[in-house]
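For reference, the structure discussed in these notes is given below.
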Amino acid sequence: MRYTFRCCLWIPVLLLTGTGAAGQIRMPHIFQDNMVLQRDKPVTVWGWAAPREKVTVTLAGNVQRSEADAQGKWKVSLSPLPAGGPYALHIKGSNHLQFTNVLIGDVWVCGGQSNMQWKIRQTDHRETDTSWVKANQVRLFTVHTEMDYQPRDDLKGTGWQELSFENIDEFSAVSFHFGKKLQKETGVPIGLISNNLGATSVETWMSNEALQEFPVFQKEMAPVLSTQKGFEELKADFETLRKTWYNEHYYKGIGIEEKWYLPETDFSAWKPIDLLGNTWESEPDLKDFDGAVWVKTTFDVDKSTLGDSLLLQLLQVDDYDITWINGVKVGETFGNHNHRNYQVPASLLKPQGNVLVVRIFDTGGIGGFTTSPFWMGPLLKGKWVYRKGLKINAAGFPAPVVPNATPFSSPGVLFNANIAPLRNMVIKGVIWYQGESNADRAREYQSLFPAMIRSWRRNWGDEHLPFLFVQLANYMKEQPLPSESTWAELREAQAMALKLPATAMASAIDLGEEGDIHPKNKKDVGNRLALAALESVYHTGVEGTGPVYRSMSIQDDKIIITFRYTSGGIYTTDKYGYVRGFQIAGSDGKYYWAQAKISNDQVIVYADQVKEPVFVRYAWSDNPGELNLYNKAGLPALPFRTDHLKGITDGKEFQSGPRF
143 MRYTFRCCLW IPVLLLTGTG AAGQIRMPHI FQDNMVLQRD KPVTVWGWAA PREKVTVTLA
203 GNVQRSEADA QGKWKVSLSP LPAGGPYALH IKGSNHLQFT NVLIGDVWVC GGQSNMQWKI
263 RQTDHRETDT SWVKANQVRL FTVHTEMDYQ PRDDLKGTGW QELSFENIDE FSAVSFHFGK
323 KLQKETGVPI GLISNNLGAT SVETWMSNEA LQEFPVFQKE MAPVLSTQKG FEELKADFET
383 LRKTWYNEHY YKGIGIEEKW YLPETDFSAW KPIDLLGNTW ESEPDLKDFD GAVWVKTTFD
443 VDKSTLGDSL LLQLLQVDDY DITWINGVKV GETFGNHNHR NYQVPASLLK PQGNVLVVRI
503 FDTGGIGGFT TSPFWMGPLL KGKWVYRKGL KINAAGFPAP VVPNATPFSS PGVLFNANIA
563 PLRNMVIKGV IWYQGESNAD RAREYQSLFP AMIRSWRRNW GDEHLPFLFV QLANYMKEQP
623 LPSESTWAEL REAQAMALKL PATAMASAID LGEEGDIHPK NKKDVGNRLA LAALESVYHT
683 GVEGTGPVYR SMSIQDDKII ITFRYTSGGI YTTDKYGYVR GFQIAGSDGK YYWAQAKISN
743 DQVIVYADQV KEPVFVRYAW SDNPGELNLY NKAGLPALPF RTDHLKGITD GKEFQSGPRF
C-alpha cells in the first residue's frame with residue numbers, strides 16, 4: 143500500500159523571549175502597523191529597553207514618558223481616546239519605532255477551539271459588501287499558538303491584517319461575522335485577536351492559579367509548580383544534564399550496540415505487535431516492562447506527492463523515542479505528552495520498502511504509542527514487529543524534567559503562552575466558542591468553565607470584563623427515543639456560567655450538522671454573538687438571546703412552560719403550529735417524546751404515555767433534530783431540563799496519563 147502523507151496536527155514551536163539588543167527598544171508582537179487600540183479607556187503601551195533607558199510614547203498628540211526598570215521593562219498609560227484614526231504610534235528611546243495606520247475602537251479577544259479557529263475559506267461565505275470592505279474598519283491579529291508552563295511576556299502572530307478581499311479568507315469566520323455586525327451597528331473600528339486552537343480542552347486555557355483550586359490537577363501541576371520554570375529554562379537545564387546522562391543512562395543496551403535501527407538488521411525473530419492505540423502492556427512479555435522496546439514497520443510512498451520532505455507524525459509516545467528511517471535518525475523526543483512531528487527529507491525515501499524503526503523508552507507505568515486510534519494515520523495502523531532492548535529499574539532511573547505537554551489537554555499551557563502575554567492590552571471583551579473537547583466531562587465543566595472565565599478576568603484586572611460564549615451546536619445522529627446526552631449536559635454547564643456577571647450566551651442549537659462537528663454556518667453564530675454584545679455590553683436595547691426557561695406548572699396531564707426573553711412573543715416556524723424538541727417524564731424519570739403547542743406565549747406540553755407529568759426537557763440530546771421555537775428576534779429557545787437526575791458525566795474528571 144502506498145501512503146500520501148499530509149500535515150494534520152498542530153506542530154509546536156517554542157518561543158524565545160528576551161529583551162533584545164542592549165539599548166534598543168523592543169515592543170510586544172501585538173504592537174504592529176494597522177493595529178486597533180481600545181477606545182474610551184486609558185491606553186497601555188509597554189515594552190523593553192536597556193535598564194533605566196528613558197522612553198517617550200506619542201499617540202494622537204498624547205505624550206507620556208517612562209523609564210525602564212532594572213530588568214528593562216517599561217510601561218505608560220495614555221489618556222483615553224474616542225473612536226477614530228488612523229494615527230501613528232511613536233516610541234522613542236535610543237531608537238525610534240513607529241506604528242502606522244492605527245485605529246482607535248473596540249478590541250475583542252476571540253478564543254476557543256476549532257469552531258472559533260475555522261476560517262472564512264472553510265465555510266460557504268463569500269463577502270460581497272465591497273464598500274464596507276474598502277472602508278477597512280475591522281482588523282484581525284491571529285495568534286500563533288504556543289505552549290509554556292509559566293506566564294510569558296510576549297507571543298507571536300500574523301501581525302494586524304487589514305480587511306481586504308485578498309486576505310479576508312484567512313479571517314476566523316465566527317470572529318469576522320461578529321466583527322462585521324458589531325462594526326456596522328456601532329460605527330466604530332473593531333479589532334479582533336484570534337487566539338484559539340482546535341481540539342483544545344478548557345483546562346489548557348486556565349491559569350496556573352486557577353488550576354490549583356482543583357485537586358484533579360495537582361499531580362499534573364506538581365512539576366510545574368515545583369520548578370517554577372518555563373519551557374526555555376527546562377530545555378537549557380536538560381541540555382546541560384544531557385552531556386553526561388544521555389550515554390550513562392539512556393543511549394545504551396543491546397539494541398544500540400547491535401544497531402537495530404539499520405535496515406539490514408535481521409528482523410525475522412521480532413514479534414508482531416498491535417500498536418493501534420494499545421500500550422505494550424497488552425503483550426504478555428512486555429507487561430510491566432520498563433526500558434527500551436524497539437518497534438519496526440515498512441512503508442511505501444508516492445514521491446510525486448511529497449515535495450521536499452515527508453511529515454512523519456508519530457503522535458504521542460510514552461515516554462521517549464528515537465526514530466530512524468532507512469538507518470538515518472530523523473527525530474528524537476523526550477516526554478510522553480509531546481507530539482512527534484518529524485520532517486524527513488524526500489531524498490532519504492524510496493518508493494517502496496522504507497524501514498521505520500522506533501526505539502521507545504519507558505521510564506515507568508505504561509509504554510508505547512498512546513494517542514487515540516482516531517488520530518492515527520495509515521502508517522501507525524500498519525503491521526509492526528518488536529524486540530525488547532535495555533531493561534531498567536524505573537524506580538531508580540534518573541528521569542530528567544523536560545517540557546512535556548500537549549496543547550490539546552495539558553493544563554495551563556495555552557493560557558501561559560497566549561493569554562498571559564496580553565495582560566497589559568486594554569480590551570473591550572472576549573468571545574468564546576469551546577466545549578466539544580470537554581463534553582465527556584460536562585459535569586466537571588460546570589466548575590472549570592467559570593474558573594477559566596475568572597482567571598481571564600484576573601489576567602486583565604477586570605472582574606466584569608464582558609465574556610460572551612457560544613452554546614454548542616446540534617451534532618451527531620438524531621436519536622429515535624429520548625436518551626441521555628453528554629453534549630446536552632455540556633450545554634447545561636455552559637448555561638450555568640451565566641450566573642457570573644457580565645456574561646452572555648449565543649445558542650447554536652439549530653445551526654449544527656449531523657455529520658460535521660464544524661458546521662459551516664458561522665455567519666449566524668457570529669451575528670448572534672454580536673446581538674448578545676449589543677444587548678449586554680453596548681446596551682442598545684436589542685433582544686440578544688432566545689427564549690429562556692422561566693418556570694413550569696402542572697395542570698392535569700399537561701405541563702405549562704413560561705419563558706423569559708420573549709419581547710414580541712414566541713412563535714413556531716411549523717405551519718401547523720406544532721413545537722418540536724420536548725420530552726416529559728413522570729416521577730420515575732422515564733422520558734417520552736411530547737406534543738407541544740403555543741398558547742398565550744406559553745408552551746403546553748403533554749404525552750399520552752405520561753398521565754402524571756413531573757419533569758420536562760427541551761432539546762436535550764446531542765442532536766435534537768429540527769427545532770422550531772423562536773422569539774420575535776428570530777433567536778432559538780435555549781435547551782433546558784427541569785429535573786436534577788444524575789447525569790452520565792457525573793463523576794468523570796480530568797485524569798493524568800495518556801491523552802491527546
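Going letter by letter, the sequence shown gives residues 143 to 802 in this note's numbering.
Where is the CB? At the ideal position from N, CA and C, for every residue including glycine.
Using only the alpha-carbon positions, how far apart do Trp602 and Ile790 sit? By one-based count along the sequence shown, residue 602 stands at place 460. By one-based count along the sequence shown, residue 790 stands at place 648. Between Trp602 and Ile790, the C-alpha separation is close to 36 Å.
Looking only at its chain, what residues have a beta carbon closer than 6 Å to the beta carbon of Pro170, apart from the 5 residues adjacent to it on each side? Position 28 of the sequence shown holds residue 170. Asp296, listed in sequence order.
What are the boundary residues of the alpha helix (DSSP H) that includes Phe283? What you label residue 283 is simply residue 141 of the sequence shown in a count that begins at 1. No alpha helix (DSSP H) contains Phe283, which is instead part of the beta strand (DSSP E) from 280–285.
Can you tell me whether Lys377 is helix, strand or coil according to DSSP? As a working note, residue 377 is residue 235 in the sequence shown. Residue state, collapsed to three classes: helix.
Start-end ranges of the alpha helix (DSSP H) lying completely within the segment 672–736, minimum 4 residues: none
What are the partner residues of Val470, as DSSP defines its beta bridges? Taking the sequence shown and counting its residues from 1, the one referred to as residue 470 is at position 328. Its beta-bridge partners are Ile467.
If you follow the alpha helix (DSSP H) that His319 is part of, which residue opens it and which one closes it? Translated into positions along the sequence shown, residue 319 becomes position 177. Unbroken alpha helix (DSSP H) run through His319: 315–328.
Considering only the alpha carbon of each residue, which of Ser208, Ile595, Met647 lies closest to Leu614? The sequence position of residue 614 within the sequence shown is 472, counting from 1. Nearest C-alpha to Leu614: Met647.
If we count the other Cβ atoms within 10 Å of its Cβ and call it buried at 16 or more, is Arg268 buried or exposed? By 1-based counting over the sequence shown, the position of residue 268 is 126. Looking at its Cβ environment, which holds fewer than 16 other Cβ atoms inside 10 Å, Arg268 is exposed.
Selection from Trp216, Gln725, Pro549, Asn616 that minimises the alpha carbon distance to Tyr734: In the sequence shown, the residue the question calls residue 734 occupies position 592. Tyr734 has its Cα closest to that of Gln725, out of Trp216, Gln725, Pro549, Asn616.
Just how far apart, CA to CA, sit Thr715 and Thr708? Taking the first residue of the sequence shown as 1, we reach residue 715 at position 573. Taking the first residue of the sequence shown as 1, we reach residue 708 at position 566. Approximately 15 Å between the Cα atoms of the pair.
Along the chain, which unbroken stretches of the beta strand (DSSP E) at least 3 residues long are found entirely within the segment 359–437? 413–415
Can at least three beta-carbon pairs, one atom from the segment 641–660 and one from the segment 762–782, be found at a separation below 8 Å? yes
So the candidates are Asp450, Gln360, Asn496, His479; which of them puts its Cα closest to the Cα of Lys438? The sequence position of residue 438 within the sequence shown is 296, counting from 1. The residue with the shortest Cα to Cα distance from Lys438 is Asn496.
Alpha carbon of Glu586 to alpha carbon of Gly793, nearest angstrom: Locating residue 586 in the sequence shown gives position 444, where the first residue counts as 1. Locating residue 793 in the sequence shown gives position 651, where the first residue counts as 1. Computed Cα separation, rounded: 8 Å.
Do you know offhand how far Ala364's Cα is from Phe557's? As a position in the sequence shown, residue 364 is number 222, starting the count at 1. As a position in the sequence shown, residue 557 is number 415, starting the count at 1. Going from the Cα of Ala364 to the Cα of Phe557 covers about 17 Å.
Taking the alpha-carbon of Ile464 as reference, which of Asn765, Arg482, Ser451 has the nearest alpha-carbon? Reading the sequence shown from its first residue, position 322 is the one you call residue 464. The residue with the shortest Cα to Cα distance from Ile464 is Arg482.
Which one or two residues does DSSP pair with Val178 in a beta bridge? Position 36 of the sequence shown, counted from the first residue, corresponds to residue 178. Leu245.
Based on Cα-Cα distance, which residue from Ser451, Gly509, Lys492 lies nearest to Val459? In the sequence shown, residue 459 corresponds to position 317, counting from 1. With distances taken between Cα atoms, Val459 lies closest to Gly509.
Using DSSP's beta-bridge definition, name the partner residues of Asp582. Within the sequence shown, numbered from 1, the residue matching residue 582 stands at position 440. Paired residue(s): none; Asp582 is not in a bridge.
Compare the Cα-Cα distances from Asp785 to each of Phe757, Lys717, Gln206 and report the closest residue. The count along the sequence shown starts at 1 and reaches residue 785 at position 643. Among Phe757, Lys717, Gln206, the Cα nearest to that of Asp785 belongs to Phe757.
Excluding the 5 residues flanking Gly767 on each side, which residues of the same chain have their C-beta closer than 8 Å to its C-beta? Position 625 of the sequence shown, counted from the first residue, corresponds to residue 767. Once the five neighbours on either side are set aside, the close Cβ partners of Gly767 are Asn616, Glu620, Arg722, Gly723.
Note the first and the last residue of the continuous beta strand (DSSP E) segment covering Asn773. Here residue 773 refers to the residue found at position 631 of the sequence shown. Where Asn773 is concerned, the enclosing beta strand (DSSP E) stretches over 771–773.
Same chain, Cβ closer than 8 Å to Gly160, five either side skipped, listed in chain order: Counting from 1 along the sequence shown, the entry for residue 160 is found at position 18. Residue placement at Gly160 is flagged as unreliable, the pLDDT there being 36, under the threshold of 50; the coordinate-derived value follows with that caveat. So the list is empty, once near-sequence residues are dropped.
Could you tell me the alpha carbon to alpha carbon distance between Trp188 and Val684, rounded to whole angstroms? To locate residue 188, count along the sequence shown from 1; it is residue 46. To locate residue 684, count along the sequence shown from 1; it is residue 542. So the alpha carbons of these two residues sit roughly 37 Å apart.
Quick check on Asn483: does DSSP put it in helix, strand or coil? As a position in the sequence shown, residue 483 is number 341, starting the count at 1. In this structure, Asn483 counts as strand in the three-state DSSP scheme.
Start and end of the alpha helix (DSSP H) containing Leu352? On the sequence shown, residue 352 is found 210 positions in, with the first residue counted as 1. The sequence as given places Ala at residue 352; Leu does not occur at that position. It spans 350–353 - the alpha helix (DSSP H) in which Ala352 sits, taken as one unbroken run.
Range covered by the beta strand (DSSP E) that runs through Glu304: Counting from one through the sequence shown, the residue named residue 304 turns up at place 162. Where Glu304 is concerned, the enclosing beta strand (DSSP E) stretches over 299–304.
Under 7 Å Cβ to Cβ from Asp818, same chain only, skipping five residues before and after it: list those, please. Because the chain in this structure spans residues 143 to 802, residue 818 falls outside the shown range and cannot be described.
Cross-strand partners of Pro778 (DSSP beta bridge): Looking up residue 778 in the sequence shown gives position 636. Looking at the DSSP assignment, Pro778 forms a beta bridge with Tyr772.
Since Trp190 sits in a beta bridge, which residues does DSSP pair it with? Taking the sequence shown and counting its residues from 1, one reaches residue 190 at position 48. Answer by DSSP bridge pairing, in chain order: Arg168, Lys215.
Under three-state DSSP, which class holds Lys788? One-based indexing of the sequence shown puts residue 788 at position 646. Lys788 falls in the coil class under three-state DSSP.
So the beta strand (DSSP E) Val745 belongs to, where does it begin and stop? Within the sequence shown, the letter at position 603 stands for residue 745. It spans 744–748 - the beta strand (DSSP E) in which Val745 sits, taken as one unbroken run.
Where Phe796 falls: helix, strand or coil (DSSP): Position 654 of the sequence shown, counted from the start, is the residue given in the question as residue 796. Phe796: coil per DSSP, three-state reduction.
Using the Cβ count rule (16 or more neighbours within 10 Å means buried), how would you classify Thr265? The count along the sequence shown starts at 1 and reaches residue 265 at position 123. Classification of Thr265: buried, given that the 10 Å Cβ count is 16 or more.
So Lys196 and Arg181 are in contact, right, with Cβ under 8 Å, and what is the actual spacing, rounded? Indexing the sequence shown from 1 puts residue 196 at position 54. Indexing the sequence shown from 1 puts residue 181 at position 39. No, Lys196 and Arg181 are not in contact; Cβ-Cβ is about 28 Å, not under 8 Å.
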